[in-house]
Amino acid sequence: MDDNSTLLSQIVQPTDLHRFSLKELQEVAREVRAAILDRVSKTGGHFSSNLGTVELTVALYAAYHIPPDKVIWDTGHQAYPHKMLTGRLDRFDTLRKHGGLSGFLRREEHELDLFGAGHAGTAISAALGFAVARDRLGTEEKVVAVTGDAAIASGMSWEALNHGGDMRTDMTVVLNDNRMSIAPNVGALTTYLQRLRARPTLQGLAQRAKSVVERLPSPMTRVAAGLRHGITHYFAPEETGTIFEEMGWEYIGPVDGHDLPTLLEIFRNVRELSGPTFVHALTVKGKGYDVAEEDARKWHGVVPFDVGACEMAKAVGPVTYTQAFGEAAIECAEEDERIVAITAAMPDGTGLTKFSKQIPERYYDVGIAEQHAVTFAAGLAAGGLRPLCAIYSTFLQRGFDQVLHDVCIQNLPVRFFMDRAGLVGDDGPTHHGAFDLSYMMCLPNMVVAAPRDTTELRQMVHFAAGYDEGPIAVRYPRGASDDRLPESRTPVALGRSEVLREGDDILVVALGSMVSVAWEAAQILAAEGIEATVLNARFAKPLDGDAILRHASACGRVLTIEENVRTGGFGQQVLDLLTTEGLGAIPCRVLALPDRFVEHGTQPILRSECGLDAQSVVTAARSLVGQRLPRKA
Ligand SMILES: Cc1ncc(C[n+]2csc(CCOP(=O)(O)OP(=O)(O)O)c2C)c(N)n1
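For what it's worth, numbering that gives the first Met the number 0 labels the leading residue of the sequence shown as 0, then goes sequentially.
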């Protein structure tokens, strides 16, 4: 596929497609699909969603004039064809690698990544913004939002449809309906879209209209042929209006999203329309690669794989935090009938798939609806149940007001499990869980804990499940834990830390994923004659004030380390404690994520770049130990 003679390799911008014939465009689509297979099988990344958007993207980009026309993609994980048709094919070997192409959309990466994405449900709102800006600024380009059948179920998509349908703004929404979220899609809207899917496709109608036209006497033929286009593209006569039409959007569909000639004709016609238009395209996730079509869930995101063998390497290795949570959640539910589990469209990612199979009656997948998930959990708690609300750190950002207003003010016993806390790696800035300590610790009533490893996570899940006093959040990173830490275990108790090692020279207070880093640094320091006390904080809120103050005064120097932004984070709470309690003169250093968005790359690269590795702790500790101690009063 590196052959410069391919049509795809000649395309540097979407308008290059305009010079191709239909047959050549079909060849371009074939080449895009082959390139996805070739590149993603080597780099890993999002796979089946991208195989589903090939024809859609080629047809859109051939029918519209981009630029100045604008296509805004939702989430961005299905926009690899877009990247390939905007001159980035030759950089695909760097996909999701440090310094390479992002797996999502970034305005910094390309001028046709018009609106950054990574979280679902933003495209229709953003496109409406572009359309209104166009109208106010007096330009005439067309604006299209492409969204998925799971993303469109999110609240924000409906807020935007509601607004756009009422404003009558000229824009188009293309619904890429493959019936899948990452897992099978859920919800009443899915059932409704299913009913729309069952209607004859426009291609089917076109076929029917064609046969009617052909059977008409010849004088009628020309008139009828002229009408055929209108008949087939603007209504399905036997049906009532769709919900989209009721909301002010011209509904066009359903249309086979892999039928390039029809898609082209439809998009060329839609481009000539004005007002809010909604195109419903039916696609197949994983299209063109059999095993991915059969199991789009497994092939949603892939590690490098052997194309011929159609098989991904099985992940072998220690238990991940996600698995540990999933297993502990089941144990807790078996012990307490009141326990229910909630996910927002991430059963596999949060580890709840096993729970959903074993205890289906107490499992709720609410779709991409994090805000609802939180308030639903609050309602369940107020109603007497004990919800485990498992949402990635980054996606829970969506539900901040719900955590504050519905959970914390009412002090309800909702248990949050924030997977992917800290640096997640290849997904980059939209997905790093860099803020949850700050946004959870600032809330009255909220308890915040972070385990040092998967065994401690299990302990914390059990602790949280039995904590009836109010809300509690447990945050843990992507992947598996470091098992080099000492095996001795003490029970988890509210606001109590654990001393892993004692030394006189410096106190290192570490939280969660950073405990093993602190431990490793302490071994290096010991070899240099610097003895550190390593405290596994366990709770960021409430802090174990007694232990921190006691060891801080004994050691005379304090270093904190956490995988969260510095501002409003764990270290700042420790500094505040020391100052308030009269130990403000002790030399301290806070190691935390910087006040900037961290790019994508592997977790070890990013952690070391951000100064959150053992070497950085060693350097900081050496410098603190080298500082003169404050004179004793
Ligand atoms: C707010 C938010 N929650 C969850 C996710 C995780 N996520 C990424 S893609 C995806 C499924 C998207 O499905 P759909 O919109 O139908 O697109 P498809 O992949 O099927 O093309 C989910 C849940 C996310 N990106 N953003």
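Glycine included, each C-beta is placed from N, C-alpha and C at the ideal position.
For phenylalanine 434, the Cβ stays outside the 7 Å cut-off from all heavy atoms of ligand 1.
Just so you know, the alpha carbons of threonine 349 and serine 622 end up roughly 40 Å apart. Distances between the C-beta of glutamate 23 and the heavy atoms of ligand 1 are all 7 Å or more. For aspartate 347, the CB contacts under 8 Å within the same chain, skipping 5 residues up- and downstream, are Ile181, Ala182 and Arg296 in chain order.
Close CB contacts of glutamate 497 within its chain, under the 7 Å cut and outside five residues either way in sequence, are with Thr489, Asn535 and Arg537 (chain order).
The three-state secondary structure of methionine 179, taken from DSSP, is strand. By the CB criterion at 8 Å, phenylalanine 415 and cysteine 388 fall inside the cutoff. For the pair of segments examined, the region 167–177 was found to touch the region 280–300: the number of CB pairs separated by less than 8 Å reaches three. For alanine 61, the enclosing alpha helix (DSSP H) stretches over residues 53–62. Histidine 371 places its beta carbon 8 Å or farther from that of glycine 117.
The beta carbon of glycine 117 sits closer than 7 Å to at least one heavy atom of ligand 1. The straight-line gap separating the alpha-carbon atoms of serine 273 and leucine 88 is approximately 33 Å. Annotation: the continuous alpha helix (DSSP H) that includes methionine 439 extends over 435–440.
Under the DSSP assignment, threonine 532 falls outside any alpha helix (DSSP H), being part of the beta strand (DSSP E) whose first and last residues are 531–535. In chain order, Val373 place their CB closer than 6 Å to the CB of valine 402, counting only its own chain and leaving out the 5 sequence neighbours on each side. Following the DSSP letters along the chain, one finds valine 498 inside the beta strand (DSSP E) bounded by residues 497–500. Shortest Cα-Cα distance from alanine 291 to any of Ala149, Ser48, His404 and Pro260 involves Ser48. Secondary structure note for cysteine 388: its beta strand (DSSP E) is the uninterrupted segment 385–389. Of the heavy atoms belonging to ligand 1, at least one sits nearer than 7 Å to the Cβ of asparagine 184.
Under the three-state reduction of DSSP output, phenylalanine 415 falls in the strand class. In the DSSP assignment, phenylalanine 462 falls within the alpha helix (DSSP H) that extends over 453–464.
Spatial neighbours of valine 31 in its own chain (CB-CB distance under 8 Å, excluding positions within 5 residues in sequence) are listed in chain order as Leu7, Val53, Thr56, Val57, Pro80, Met83 and Leu84. Taking the Cα of glutamine 602 as reference, the smallest distance to any Cα among Gly478, Thr454 and Gly86 is reached at Gly478. At least one heavy atom of ligand 1 falls within 7 Å of the beta-carbon of isoleucine 181. Cβ-Cβ separation between serine 515 and arginine 483: approximately 7 Å, consistent with a contact (criterion under 8 Å). With distances taken between CA atoms, alanine 122 lies nearest to Ala149 out of Ala517, Ala149 and Gln396. Here DSSP, grouped into helix, strand and coil, assigns arginine 267 to helix. The shortest C-alpha to C-alpha distance from glycine 102 to any of Trp298, His430, Leu192 and Phe129 is the one to His430.
If you draw a straight line from the Cα of histidine 17 to the Cα of alanine 205, it is about 25 Å long.
A straight line joining the alpha-carbon of threonine 171 with that of isoleucine 151 spans about 14 Å. Counting the other Cβ atoms within 10 Å of the Cβ of glutamine 571 gives 16 or more, which makes it buried. The C-alpha of cysteine 331 is placed about 10 Å away from the C-alpha of glycine 325.
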